[in-house]
Amino acid sequence: MSNQKSINYIFPISYMSITQSMIAMVIGLSIFGKSELAAEIAVVHGATLATFYAFSGNFRNIILYGKGQVSLPMMLFSRLIILIPLAALAYFMCMFLAGIDHALALVLVVRRCVEWINEVHLCRVEVQKDEKFALIFLTLQAVSLLTAFGLILIDEKYAIAALSVWAFLPLLFSLRFIVFEKMPPLKEIGKALSTTLPHFGSTAIIGFSLFMFRLIIFLLTDKTMAGDIFGAIAVGSFMGSSFANVLGPSIALHEERTGARYFPPFIKTAICFILFIGLFLVTASFFQLSFLELTGKKYFFWTTAGFSLVGGVIMIKAQSIKLALLKHYENADIFGPDMLIHILLVASIPCLYFTGGVKSFSLLYLINSVLSLLFYMSAKRFIKDNESAMLLGVSDAHIKFGISFLLIFPLFFQLSGRIFHTSELVLNSDAIITQVPLPISIIACYAGLLALGRYKKAYMSMTVIFLLFVLTVLTTIIASNGQIAVERYKFLLLFQYMLPCFALPLGQLFESEKNGKLIVEKAFFFTILIIVPLQLLSTWISGTIRLDHSVFFFSIYQHWEFVPVILVSCFLVSLFSLWEYPGYRKGFFIMIPLVEIYAAASCSMLAFFIATAGLTTFILFRFIRYGDKKIIVALLCFLIPVAGYFYSARSDFHFTQKYGFLKEVKENFFSGNKISLNKKILPTNLNDRFRDWELYSDSIMTDGKTFLLGNNKPFDRALATSAHNFFLDFIYNFGFLAILPIFFLVGYSLLLAFKLRGHIFKSQRLLGLCMVVFFLILVDNNFKATFRQPYPGILIFFLWGLLLNRLMTLKRKIAL
Numbered sequence: 001m002s003n004q005k006s007i008n009y010i011f012p013i014s015y016m017s018i019t020q021s022m023i024a025m026v027i028g029l030s031i032f033g034k035s036e037l038a039a040e041i042a043v044v045h046g047a048t049l050a051t052f053y054a055f056s057g058n059f060r061n062i063i064l065y066g067k068g069q070v071s072l073p074m075m076l077f078s079r080l081i082i083l084i085p086l087a088a089l090a091y092f093m094c095m096f097l098a099g100i101d102h103a104l105a106l107v108l109v110v111r112r113c114v115e116w117i118n119e120v121h122l123c124r125v126e127v128q129k130d131e132k133f134a135l136i137f138l139t140l141q142a143v144s145l146l147t148a149f150g151l152i153l154i155d156e157k158y159a160i161a162a163l164s165v166w167a168f169l170p171l172l173f174s175l176r177f178i179v180f181e182k183m184p185p186l187k188e189i190g191k192a193l194s195t196t197l198p199h200f201g202s203t204a205i206i207g208f209s210l211f212m213f214r215l216i217i218f219l220l221t222d223k224t225m226a227g228d229i230f231g232a233i234a235v236g237s238f239m240g241s242s243f244a245n246v247l248g249p250s251i252a253l254h255e256e257r258t259g260a261r262y263f264p265p266f267i268k269t270a271i272c273f274i275l276f277i278g279l280f281l282v283t284a285s286f287f288q289l290s291f292l293e294l295t296g297k298k299y300f301f302w303t304t305a306g307f308s309l310v311g312g313v314i315m316i317k318a319q320s321i322k323l324a325l326l327k328h329y330e331n332a333d334i335f336g337p338d339m340l341i342h343i344l345l346v347a348s349i350p351c352l353y354f355t356g357g358v359k360s361f362s363l364l365y366l367i368n369s370v371l372s373l374l375f376y377m378s379a380k381r382f383i384k385d386n387e388s389a390m391l392l393g394v395s396d397a398h399i400k401f402g403i404s405f406l407l408i409f410p411l412f413f414q415l416s417g418r419i420f421h422t423s424e425l426v427l428n429s430d431a432i433i434t435q436v437p438l439p440i441s442i443i444a445c446y447a448g449l450l451a452l453g454r455y456k457k458a459y460m461s462m463t464v465i466f467l468l469f470v471l472t473v474l475t476t477i478i479a480s481n482g483q484i485a486v487e488r489y490k491f492l493l494l495f496q497y498m499l500p501c502f503a504l505p506l507g508q509l510f511e512s513e514k515n516g517k518l519i520v521e522k523a524f525f526f527t528i529l530i531i532v533p534l535q536l537l538s539t540w541i542s543g544t545i546r547l548d549h550s551v552f553f554f555s556i557y558q559h560w561e562f563v564p565v566i567l568v569s570c571f572l573v574s575l576f577s578l579w580e581y582p583g584y585r586k587g588f589f590i591m592i593p594l595v596e597i598y599a600a601a602s603c604s605m606l607a608f609f610i611a612t613a614g615l616t617t618f619i620l621f622r623f624i625r626y627g628d629k630k631i632i633v634a635l636l637c638f639l640i641p642v643a644g645y646f647y648s649a650r651s652d653f654h655f656t657q658k659y660g661f662l663k664e665v666k667e668n669f670f671s672g673n674k675i676s677l678n679k680k681i682l683p684t685n686l687n688d689r690f691r692d693w694e695l696y697s698d699s700i701m702t703d704g705k706t707f708l709l710g711n712n713k714p715f716d717r718a719l720a721t722s723a724h725n726f727f728l729d730f731i732y733n734f735g736f737l738a739i740l741p742i743f744f745l746v747g748y749s750l751l752l753a754f755k756l757r758g759h760i761f762k763s764q765r766l767l768g769l770c771m772v773v774f775f776l777i778l779v780d781n782n783f784k785a786t787f788r789q790p791y792p793g794i795l796i797f798f799l800w801g802l803l804l805n806r807l808m809t810l811k812r813k814i815a816l
């Protein structure tokens, strides 16, 4: 064991001179008034993150303390093999997605190629403790960077020449390393790629998301503003990213060699200093102290820098947790937290833009840091898959019950700070996002992901969301053809589509094989037991037949179409699962007629259909499989009250509008006339659906590009307010390519259910969940854009994830 007490910092600093030099260039150019060039360099750097960093696979961590799984020659030649394709892809992204000057993009991509080789070389230097080479390399890197920076400040016409020398110079130091390194067998190179493959998911989502992060800001603002934002964030994030990619792995290697934990004292001092400076800059900018104007930068720049410095302190703590997870990477899950962190970060950009404007971008790195800390802490709780982990003294079962309850509870709030409670039947938000009612299930969904962890269980859903995000962003940028207004609209739309998707992994990781206590179904039962009677009572007190939006203390948004379908569906899930328990069975005899009346009162044909079809299926299943004669009582429980309700509502305008076609069907039936499904006999709203589907289909099929990538403008609302079909709506906006991950998951779910059909038809619990989930996905979403709405979308994705988990668990048990 070594007696060395401290780290030789020449190695991590020399490595930092490669990995952080482009960011240093962005900071310098931004501070010294070259914000437009800084913005362009930051976007190119983002493109190289989306390519080179994405395929780095946490390389330095594996080499320095990976216990010999991958050798340096294996890593070197595996990188050389994929170097040209990655460089071409990065250049394409810069040119065609961001519109960067081709010469600038080419030079900076070459610089990143050189850095990619230098990284492997410098790892060898650190392992061999070659201080002399590291010092020479660091010195010349610093000189070349300062020289290039100085020439650009003198005159930007020297920029390409100066950057070219700076880009190619580091290659000279690694030529001998490349030429004389013995190429390992192809099998070993394949081993290097396969060993780092589990880490590719993590680095890929970070790299691509950071590129999207910069590209979206680049597109939403002008170049000067974007350069200031990137420069200010880089100031604050420099230490956090340096710790994650440079100092952290070196500290871990030192701990591996000495066998003792170590945290450099100077970092502790730097943390306190940076925190003080950050808070000082935020305070000085808030009060607009005049000395900041002497720098030539706006108060916004220093506000962003201040918040970013505070975020940098938080990020160091977050990255120390991540490095600990990587050190135990056989049991750790990094892909899940990294995906959640960075997609939520990108999704926060349009949210901040449309609520607080460009000035709210000053919070972005702070948001990134807080998200990182929360999700890495969440992953650490379950590194040993501890099923009984407590959170703030609350048991896992109670946490799950609370999450399930809030997911279905139809309480809405507004970003203005109010609980949604209005006397208006139809809300007009005037396109102001702060006035739009948002369900509390959003908070429950993301809090649930943090509380439950165990992200390994949700790899399939995480991958689907990642691919959906990548394809949607790419088709948005390509189809928009550089039209800023279109990109702004579609990025906001993207946020709306992505928001509910994260309930899919929540559902998949919600239950374990050791924990199947029907928590979800019980929470659904008690929520519906509260909401349905109260809303019906409020409706009848108001003197109306059709369902009222008020539940005394708050109002339910979308109470006629979306919410009733979800509540009825969740009621059926609980009915199929809890009927066997006598205590719940008594409650169901009371709730069955109320839920059926609730579905009828909503005037939602889909809600009434799933309620009636679900109850009929349940009654037939119980009677045929178990000979349950008591089930006839349940049949009467929903037939008689519903018939009475329809009779009392026979003259109500809303009921006659929805169900008036039944009168003509009845008359034709009893008169012996042939009944045909023509436009005259079909309900008005269904005829409207057919018309909207035809309009959207025609727009989608305009040409091949539109079909694959989507339209570059919103649909004319004078023709149709909505596609009334999620799949058509999605393809119209983002193209067929973007929706492929959803189609894959639908196909996989159907195939899995088909293979397990024998076991499903023997399980009342699984049968009910399958029936509800496939109805919501394949029927409800074909008549409404349900997945696009937060409340129903979150519930459906959650139930879908729950079904996937149960079917996959059943499949594993059968295989054993």
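Numbering (my numbering), first residue to last: 1 to 816.
All C-beta atoms in this analysis are idealised placements derived from N, C-alpha and C, irrespective of residue type, glycine included.
All values derive from a computational prediction rather than experimental measurement.
For residue 563, which residues in the same chain have their Cβ closer than 6 Å to its Cβ, ignoring the five residues on either side in sequence?
410 and 556
Compute the Euclidean distance between the alpha carbons of residue 117 and residue 340, then round it to the nearest angstrom.
30 Å
Is it a yes or a no for the stretch 359-374 touching the stretch 499-511, going by three-plus beta-carbon pairs under 8 Å?
no
Helix, strand or coil at residue 555 [DSSP, three-state]
strand
Quick check: the stretch 23-38 against the stretch 219-227, are there 3 or more CB pairs under 8 Å?
yes
Considering only C-alpha positions, which residue in the set 315, 714 and 623 is nearest to residue 488?
714
Can you list, in chain order, the residues of its chain whose CB lies under 7 Å from that of residue 701, leaving out five sequence neighbours each side?
707
Exposure of residue 376, with buried meaning 16 or more beta-carbon neighbours within 10 Å:
buried
Distance, Cα to Cα, residue 538 vs residue 495?
34 Å
Beta-carbon gap between residue 621 and residue 807 smaller than 8 Å
no
Based on Cα-Cα distance, which residue from 181, 20, 211 and 34 lies nearest to residue 43?
211
Quick one: grab the DSSP three-state call for residue 763.
coil
Name the DSSP bridge partner or partners of residue 550?
555
Would you kindly work out how many angstroms separate the C-alpha atoms of residue 517 and residue 570, rounded to a whole number?
17 Å
With DSSP as the reference, please indicate the residues paired to residue 610 in a beta bridge.
Bridge partners of residue 610: none, in fact.
What's the call for residue 755, buried or exposed, on a 16-neighbour Cβ count within 10 Å?
exposed
Buried or exposed for residue 698, please, with buried defined as at least 16 other CB atoms from any protein chain shown within 10 angstroms of its CB.
exposed
What is the DSSP secondary structure of residue 343, counted as helix, strand or coil?
helix
Since residue 170 and residue 23 should fall inside the 8 Å C-beta cutoff, what is the C-beta to C-beta distance between them, to a whole number of angstroms?
At roughly 16 Å, the Cβ-Cβ gap does not stay under 8 Å, so residue 170 and residue 23 are not in contact.
With a threshold of 8 Å, are at least 3 pairs of Cβ atoms found where one atom belongs to the stretch 610-617 and the other to the stretch 769-785?
yes
DSSP puts residue 792 in a beta bridge; with which residues?
BP columns for residue 792 are empty, so no partner.
Could you tell me the distance, in whole angstroms, from the CA atom of residue 68 to the CA atom of residue 458?
Here the model assigns residue 68 a pLDDT of 46, short of 50, so the residue's position is not dependable, and the following value carries that caveat. Their backbone Cα atoms lie some 29 Å apart in a straight line.
Nearest to residue 450 (by Cα), restricted to the options 416, 373 and 437:
373
What is the DSSP secondary structure of residue 300, reduced to helix, strand or coil?
helix
In chain order, what residues of the same chain have a beta carbon less than 8 Å from the beta carbon of residue 778, not counting five sequence neighbours either side?
746
Express the C-alpha separation of residue 92 and residue 781 in angstroms, rounding to a whole number.
36 Å
Just tell me which of 744, 718 and 711 has its CA closest to the CA of residue 729.
711
Exposed unless 16 or more other CB atoms sit within 10 angstroms - verdict on residue 582:
exposed
Can you have a look at residue 34 and say buried or exposed, based on whether 16 or more other CB atoms are within 10 angstroms of its CB?
buried
In chain order, which continuous runs of the alpha helix (DSSP H) of length 4 or greater are located wholly inside the stretch 123-192?
131-154 and 159-180
Mark residue 627 as exposed unless 16 or more other C-beta atoms lie within 10 angstroms of its C-beta, in which case mark it buried.
exposed
Note down the Cα distance separating residue 600 from residue 334, rounded to an integer number of angstroms.
47 Å
Using DSSP with H/G/I as helix, E/B as strand and the rest coil, what is residue 505?
helix
Name the two residues that bound the continuous alpha helix (DSSP H) containing residue 79.
72-92
Please identify the residue among 561, 566, 551 and 618 whose C-alpha is closest to the C-alpha of residue 577.
618
On the criterion of 16 or more Cβ atoms from any shown chain inside 10 Å, does residue 231 qualify as buried, or is it exposed?
buried
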